[in-house]
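> The structure is given below, and queries will be raised subsequently.
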Amino acid sequence: MTLPPIQIAYVTDMGLFRPTLLSILSALEAASGPIAVHLFGHGLTDTARAEAQRRAEALAPGALTVHQLDPALLAQARSPKAHITPVALGRMFLPRLLEGRVLYLDGDTLVTGDLSPLFALDLQGRPMGAVRDYVVTRRAARPARADRLQGTAQLMAPHPATDYFNSGVLLMDTAAIKATPGLAEAMTDMEAAAGYATVDQDRLNLLFKGQVHHLNPAWNCSWGRVGRQHRQMRGLDPSAQESEALAPRVLHFHGPHKPWGPLRLAALRRGPAAVLRYRRAERRLMG
Numbered sequence: 138m139t140l141p142p143i144q145i146a147y148v149t150d151m152g153l154f155r156p157t158l159l160s161i162l163s164a165l166e167a168a169s170g171p172i173a174v175h176l177f178g179h180g181l182t183d184t185a186r187a188e189a190q191r192r193a194e195a196l197a198p199g200a201l202t203v204h205q206l207d208p209a210l211l212a213q214a215r216s217p218k219a220h221i222t223p224v225a226l227g228r229m230f231l232p233r234l235l236e237g238r239v240l241y242l243d244g245d246t247l248v249t250g251d252l253s254p255l256f257a258l259d260l261q262g263r264p265m266g267a268v269r270d271y272v273v274t275r276r277a278a279r280p281a282r283a284d285r286l287q288g289t290a291q292l293m294a295p296h297p298a299t300d301y302f303n304s305g306v307l308l309m310d311t312a313a314i315k316a317t318p319g320l321a322e323a324m325t326d327m328e329a330a331a332g333y334a335t336v337d338q339d340r341l342n343l344l345f346k347g348q349v350h351h352l353n354p355a356w357n358c359s360w361g362r363v364g365r366q367h368r369q370m371r372g373l374d375p376s377a378q379e380s381e382a383l384a385p386r387v388l389h390f391h392g393p394h395k396p397w398g399p400l401r402l403a404a405l406r407r408g409p410a411a412v413l414r415y416r417r418a419e420r421r422l423m424g
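Using the numbering used here, read the sequence shown as starting at 138 and increasing by one per residue.
Here you go:
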């Protein structure tokens with residue numbers, strides 16, 4: 138019996154095209170079975186689209202589909218932060234654009250293991266799977282920083298602030314999202330999303346609070362610091378699935394510093410081994 142391909146989705150413009158392409162190639166390289174990757178481009182050049190198809194075809198023929206994201210969808214998209222472009226809000230439209238279970242990945246990720254186990258995971262009836270946010274759990278684990286959680290606590294109430302998830306890796310059950318009255322429509326309200334400091338992330342946490350199945354940190358590993366992520370979760374009563382010791386499957390280089398381009402000390406401090414792993418993958422897959 139042939140299994141259906143797992144579905145991975147990315148959204149990018151030319152500014153993050155090459156890191157996004159590297160993430161795509163790393164996902165294709167790590168795949169153990171059929172995989173379908175959807176790249177939703179905003180203003181991608183013909184040259185960029187052709188390069189993406191050519192490089193993906195060499196690893197997994199027919200696996201990549203490049204879509205043109207309708208510019209009208211993001212006409213009202215705004216972002217207050219330089220490292221979060223308005224195009225990041227394109228992920229909010231994925232339940233409308235795709236069917237079935239979809240794994241969304243940010244372009245500043247590197248896939249280091251097979252993603253297929255996520256597609257067999259029981260979400261326990263919840264429409265979304267995501268990993269607790271590294272910064273929030275770090276602050277919660279340090280009483281001296283508890284005051285910095287006030288905004289998050291207000292956003293997440295009546296649920297714990299530590300339920301707050303990072304939106305760089307999202308396992309979406311699009312059928313469940315569309316079956317919830319008004320949810321898919323609320324996700325695509327660009328004016329509402331623009332009112333939050335982290336744009337899509339705060340908005341998604343507001344819309345999905347109490348409806349998220351927390352994934353193991355291995356699926357959204359902050360700069361390779363999976364051990365630290367587990368330590369920060371102590372006292373949160375994580376499930377057996379969430380607390381299991383797993384090697385990182387997705388490295389996520391979130392924040393304003395990135396592992397590509399000229400190496401800066403600030404990036405190396407966050408996770409030197411993960412940065413070096415990224416650079417090696419970059420040379421191997423994009424060289």
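Think of the CB as a built atom: it goes at the ideal place given N, C-alpha and C, for glycine as much as any other residue. Owing to the predicted nature of the structure, the values given are computational and were not obtained by experimental measurement.
Please report the Cβ distance between M265 and F345, rounded to the nearest whole angstrom; I am assuming they are in contact, meaning their Cβ atoms lie under 8 Å.
Indeed, because the Cβ distance is near 5 Å, the residues count as touching under 8 Å.
> In terms of alpha-carbon separation, which member of R233, D259, G372, L292 lies closest to H350?
D259
> Nearest to A334 by CA position, among T222, L196, D150, I172, is which residue?
Check the Cα spacing between A334 and each of T222, L196, D150, I172: the tightest is with T222.
> Quick one: Cα of V336 to Cα of A298, how far?
17 Å
> Would the stretch 276-283 count as touching the stretch 322-329 if we require 3 or more Cβ pairs under 8 Å?
no
> Spatial neighbours of P141 within its chain, please: C-beta separation below 6 Å, excluding the five flanking residues on both sides.
none
> Look at the alpha carbon of T149 and the alpha carbon of E379, and state the distance between them as a whole number of angstroms.
29 Å
> Can you name the start and end residues of the beta strand (DSSP E) that M309 belongs to?
306-310
> With distances taken from CA atoms, which of R386, L405, V387 is nearest K395?
L405
> Under 7 Å Cβ to Cβ from A197, same chain only, skipping five residues before and after it: list those, please.
L165, A168, I172
> Among L240, A294, L422, which has the Cα closest to the Cα of L308?
L240
> Since V97 and T246 should fall inside the 8 Å C-beta cutoff, what is the C-beta to C-beta distance between them, to a whole number of angstroms?
What the structure shows of the chain is the stretch from 138 to 424, and residue 97 is not part of that stretch, so it cannot be assessed.
> Ordered along the chain, which non-local residues of its own chain (more than five positions away) have a Cβ less than 6 Å from that of A257?
If the five residues before and after A257 are omitted, its C-beta is found closer than 6 Å to no C-beta atom of its own chain.
> Grab the span of the alpha helix (DSSP H) containing T184 for me, first residue to last.
183-196
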